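A.B. asks: Chain order of the listed sequences is A, B and C. For the first sequence, the tail end lands on 270 under my numbering, and the numbers increase by one without skipping. For the second sequence, the tail end lands on 1506 under my numbering, and the numbers increase by one without skipping. For the third sequence, the tail end lands on 567 under my numbering, and the numbers increase by one without skipping. From the three backbone atoms N, C-alpha and C, an ideal C-beta is built for every residue, glycine too. Remember, predicted model here, so these are calculated numbers, not experimental data.
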Amino acid sequence: MHEVLLAAGPLRHGTVPLGEAIAFWVLGPIALAGAIGMVLLRNAVHSALSLVATMGCLGAFYLIQQGPFLGLVQIIVYTGAIMILFLFVLMIVGRDASDSLVETLRGQRWAAALLGVGFALLVAIGIGRAVSPVTPTDLNSPNAGGNNVHSIAALLFTRYLFAFELTSALLIVAAVGAMVLAHVEREGPRPSQKRLARERIRSGRPQPLPGPGVLSQHNAIGTPALLPDGSVARESVMVGSMESQEERQALPTPSAGEGGFE
Amino acid sequence: MLAPYLPILLLFALATGFAVFSVGIAPFTGPRRYNKAKLDFYECGIEPTPQPMGPSRFPVKYYLTAMLFIVFDIEIIFLYPYAVANKALGLFGLVEIILFVATVFVAYAYVWRRGGLDWD
Amino acid sequence: MTHLLLAAGNTAVSTPSVSYHALAPIFIVLGAAMLGVLVEAAVPRAERFTVQLMVTIVGLVAALVVVGLLHGTRTTTPSPTGNDAFFAGSLSIDGVGLFLQGTVLALALVAALLVSERSVDVGSPIVASAAVVVGSADDRRLTTADRVQTEVFPLMLFAVSGMLIFPIANNLILMFVALEVLSLPLYLMAGLARRRRLLSQEASLKYFLLGAFASAFFLYGLALLYGYADTVDLPGIFTAQQTSGKSDVLLYTGLALLLVGLLFKASVAPFHNWTVDVYVGAPTPVTAFMASCTKVAAFGAILRVLFVGFSSAEWNWRPVIWAVAIASMVVGAVLGLTQTDIKRILAYSSIAHAGFILVGMVAITKQSTASVMFYVLTYGFTTLAAFGMLMLVRDPDGEATQLARWSGLARKSPVVATVMTVLLLSMAGIPLTSGFTGKFYVFRAAWDTAGPLVVIALLSSAVAAFFYLRIVVMMFFAEPPVDSPTIAIPGWAASVALTVGVVVTIVLGVFPQPVIDLASKASYFTG
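Pasting the structure below:
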């Protein structure tokens, strides 16, 4: 039954197979909403998530339009790319940073919105008019017999041979760039296991630091643990993320009321 | 034309149904005792990784790892069409793909030698 | 599902024939770049700088020699063999391409010497370690350390390889990849300044974000052109304009969006917004590299797109070129007048010069092609040397680029002041300098078809001349400031680079004919 539903007849001008139409009208609004949400949402993490939705829908569109390889690549690569995006968001914005969007040029946002909408209308109307008399075509012949990937390979290794090989240069530059911008090299040799162990024993505290206060009211690591004698273990909270001793001292202290392990 | 994807769609529907069912049924079957800790972030029982206390942020080394992942991810994407069509491409294709892989390997050698793959 | 992705095709693909010798300059530079990355991996830090410099110089010189040997080549590659479907070669090695490749390589060689200058600043103008947080204790220690982030050399070579491909790309997808190969290293290099690192990093981020935006325009245009012509080969697009029954809207929207991406790289107004901040933030030798080599490559690509792919649509794009040329000249000249920082003035001057170069593109003739090729060559050498001179005048915390700091410089160092004067006069287009001959040939080529545009160009070059001359007057006739900046003595590398720049500026002003003849002889396209 699905054969009939999903592949209803050959492609003719002005008609789209029913299955494709359903998929398009379901996914299209989601893709659009994701794109708009990415721009408008205040929270950077939500914004990144909207983009995931858009990218996923685009991947599905490629699948529908007879590009299975492209569709899956879209999904696979964007899994990684979205990960980068999230990291960017979390690195640059931090979890609770409120965004400070001070307009340095007054009214530029309105001007940009106006011009952007104008440009979009211009392009959309132009293209709408231009492609309406065009007869759509399909990929049946390059895809025949499951030849989709094979056809891509044939193009990649003949007509686009040089573009393909040049991509590797791009990948090198990306890797070198990531290293240059984000990798601080270790000065001196790497400390040996022996030296690390010795230092640890000599430090006067060979055992690990106490864990943070996992209390029934609070399990954030911002809450220090209580030692068996009831005193507060300040060293139980992460030092690395804290700028100074003052900040550690300013931590919330569990009061007797919420401190018990119920 | 969409027929080959039907199993995937069914799997999606099944997964969605399961998720919706189990989350939806939980409020009716389970006991309800809320406190602050239950609404907090949960990362498999360990402490949430580098908790941004105050203004601090995630270390940049996460970015390095993610970027390197993408680089080699894209390399693999290009290997796939070759693998499918390697018979048809013959010796020429083999030479070209080796050239491509060797080139990206230069990046790998650099990252490895300079300690980009060490996590400390 | 599996049969969609895993079916092994049995139809053999006939392998294309590649004329490797014609691509040798590109392979040499790419090979040198990869060797540079391997040097980073294998050679201990103490020797890296020397080895990298040698790899870079040898690579660029070898490529330049090969470009010379290839002169007169007319070929496109790779080309189909056997029973394969017809496709045009995606690279066309022809006179214009080889001339511009040679220009890029020569300019890159000089720029590489500027990058490797280690006498004027502690270590180098390049940062010791770009990943160290600005203002941290490590950062303060490394500012005065001898260490250099030597990755700048392979990155530069990668950028050069992109610039070698960009003007000979006959296929828009390859042109896009080349655009990225030349842009990505530039984004990184802009962030490597040793002094004022936050400004440099901001410049890098701005360049990256706006550059990515411009690339998106290019891609959108490419997609529309594919929709119109069913091909992304420039000759194919040309043929399609005669045969395609599709709406011209696709063609012109596609071309317009494509041009946005290209004009952005050439820093033509109104797509120039990134230029000034990036030029100021980037390390000065990198700025010199960007201002000279990127312009050559970008105008080469514009030349090829317009003259090969769209020569029959000339009447449609000519008004656009008029408009952006005028905008660029006016923006560069007028905003340049209001600046008080020499690096910013030179950046605005590069925007104005982009406008002058575009004036040469309003007519599709052999003469105009040659004049554009000649202009980018002369401007490249002059601007390289001018930015290089900025490295020499220093305050304790870096380069003294404030205009006021340069007043009375002639008393302190007549040589620096005189050399700078020659370069500024050339940019202003005063006779007996290469700037004059370049402008002369461009304007002459455009005169018949675009007389009014040439008049506007002359007027704006008169306005621009004012701010060049203002610097000259300040250097020679103003009182020096109390704590006048020091003049650094350049090492051998920068000395050679600056000498080459100045000598080319004067020689091409006095005796330009051989190079003009070469450009005229080389002004042919294949494809």
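(1) Among Ile-366(C), Thr-458(C), Thr-423(C), Ala-534(C), which one has its Cα closest to the Cα of Thr-327(C)?
(2) Please name the residue, chosen from Ile-160(A), Ser-239(A), Ser-211(A), Leu-217(A), that lies closest to Val-81(A) on a Cα-to-Cα basis.
(3) Please classify Asp-273(C) as buried or exposed, where buried requires at least 16 neighbouring CB atoms within 10 angstroms.
(4) Establish whether the CB of Met-74(C) and some CB of chain B are separated by less than 8 Å.
(5) Helix, strand or coil, according to DSSP, for Thr-526(C) in the structure here?
(6) By alpha-carbon positions, which one of Leu-465(C), Arg-445(C), Thr-121(C), Val-540(C) ends up nearest to Glu-519(C)?
(7) Just the C-alpha distance for Val-413(C) and Glu-220(C), rounded to the nearest angstrom, thanks.
(8) Leu-297(C) and Tyr-260(C) look like a contact to me (Cβ under 8 Å); what is the Cβ gap, rounded to whole Å?
(9) What does Ala-1405(B) touch in chain A if you count any residue whose Cβ is under 7 Å from its own?
(10) Using three-state DSSP, classify Gly-135(C) as helix, strand or coil.
(11) Taking just the CA atoms, how far does Pro-236(A) sit from Glu-1433(B)?
(12) Compare the C-beta of Leu-1454(B) against all C-beta atoms of chain C and say whether one is closer than 8 Å.
(13) Check the Cβ-Cβ distances between Thr-55(C) and every residue of chain B, and say whether any is below 8 Å.
(14) Looking at Ile-66(C) and Ile-205(C), is the spacing between their C-beta atoms short of 8 Å?
(15) Closer than 7 Å by C-beta to Thr-378(C): which residues in its own chain qualify, once you throw out the five before and the five after it? Chain order, please.
(16) Roughly how far, in whole angstroms, is the beta-carbon of Phe-139(C) from the beta-carbon of Ala-403(C), given that I think they are within contact range, below 8 Å?
(17) Give the single residue among Tyr-86(A), Thr-166(A), Ser-58(A) whose Cα lies nearest to the Cα of Gly-67(A).
(18) Closest to Gln-215(A) by CA distance: which of Glu-243(A), Arg-194(A), Ala-190(A) is it?
(19) Compute the Euclidean distance between the alpha carbons of Ser-474(C) and Met-369(C), then round it to the nearest angstrom.
(20) When you check each C-beta in the segment 167–187 of chain C against every C-beta of chain A, which residues fall closer than 8 Å?
(21) What span of residues does the alpha helix (DSSP H) with Val-58(C) cover, start to end?
(22) So, at 7 Å on beta carbons, what are the nonlocal neighbours of Thr-324(C) in its own chain, with the 5 sequence-adjacent residues on each side left out?
(23) Buried or exposed: which applies to Leu-228(C), given that a residue is buried once 16 or more other Cβ atoms fall within 10 Å of its Cβ?
(24) Could you check whether Val-1446(B) and Ala-190(A) sit closer than 8 Å to each other, using their CB atoms as the reference points?
(25) How about Ala-280(C) and Thr-271(C): are their beta carbons less than 8 Å apart?
(26) Is there a C-beta anywhere in chain C that falls below 8 Å from the one on Phe-1511(B)?
(27) Within 8 Å (strictly less), CB to CB, does Arg-1499(B) reach chain C?
(28) Using C-beta distances below 6 Å, list every residue in its chain close to Val-503(C), excluding the 5 sequence neighbours before and after it, in chain order.
(29) Compare the C-beta of Phe-565(C) against all C-beta atoms of chain B and say whether one is closer than 8 Å.
(30) Checking contacts by CB at 8 Å: is Ser-106(A) closer than that to chain B?
(31) Keeping to the same chain, check which residues put their C-beta closer than 7 Å to that of Ser-500(C); ignore five residues upstream and five downstream.
(32) Identify the residues that DSSP records as bridge partners of Ile-166(C): which are they?
(33) Note down, in chain order, every chain C residue with its Cβ under 8 Å from the Cβ of Ile-135(A).
(34) Going by other Cβ atoms of all chains shown within 10 Å of its Cβ, with 16 needed for buried, is Trp-314(C) buried or exposed?
(35) Which residues in the same chain as Asp-523(C) place their Cβ atom closer than 7 Å to its Cβ, once the five residues preceding and following it in sequence are excluded?
(36) Residues in the same chain with beta-carbon distance under 7 Å from Asp-104(A), minus the five sequence neighbours each way, listed in chain order, please.
C.D. replies: Taking the coordinates as given:
(1) Thr-423(C)
(2) Ile-160(A)
(3) buried
(4) yes
(5) strand
(6) Arg-445(C)
(7) Residue identity differs from the one stated: residue 413(C) is Met in this sequence, not Val. Those two C-alpha atoms are separated by around 23 Å.
(8) 5 Å
(9) Going along chain A, no residue has its Cβ under 7 Å from Ala-1405(B), so there is no contact; the nearest lies around 16 Å.
(10) helix
(11) Legend: pLDDT at Glu-1433(B) = 48, less than 50; position of this residue unreliable, no value from coordinates given.
(12) no
(13) yes
(14) yes
(15) none
(16) Contact flag wrong, Cβ pair sits at about 19 Å.
(17) Tyr-86(A)
(18) Glu-243(A)
(19) 19 Å
(20) Ser-169, Ala-170, Ala-171, Val-172, Asp-178
(21) Segment: none, Val-58(C) is in no alpha helix (DSSP H) and carries neither H nor E.
(22) Pro-165, Phe-427, Leu-430, Met-431, Glu-439
(23) buried
(24) yes
(25) yes
(26) Coverage of chain B is limited to positions 1387 through 1506, which leaves residue 1511(B) absent and any answer about it impossible.
(27) yes
(28) Ala-373
(29) no
(30) Caution is warranted here: a pLDDT of 49 is assigned to Ser-106(A), below 50, making its placement in the model unreliable, and the coordinate value is therefore given only provisionally. So, not an interface residue.
(31) Met-369, Val-370, Ala-373, Ala-392
(32) Ala-233(C)
(33) Leu-264, Val-289, Leu-290, Thr-293
(34) buried
(35) none
(36) Only weak support is given to the placement of Asp-104(A): the predicted model assigns it a pLDDT of 48, under 50, and the question is left unresolved by the model.
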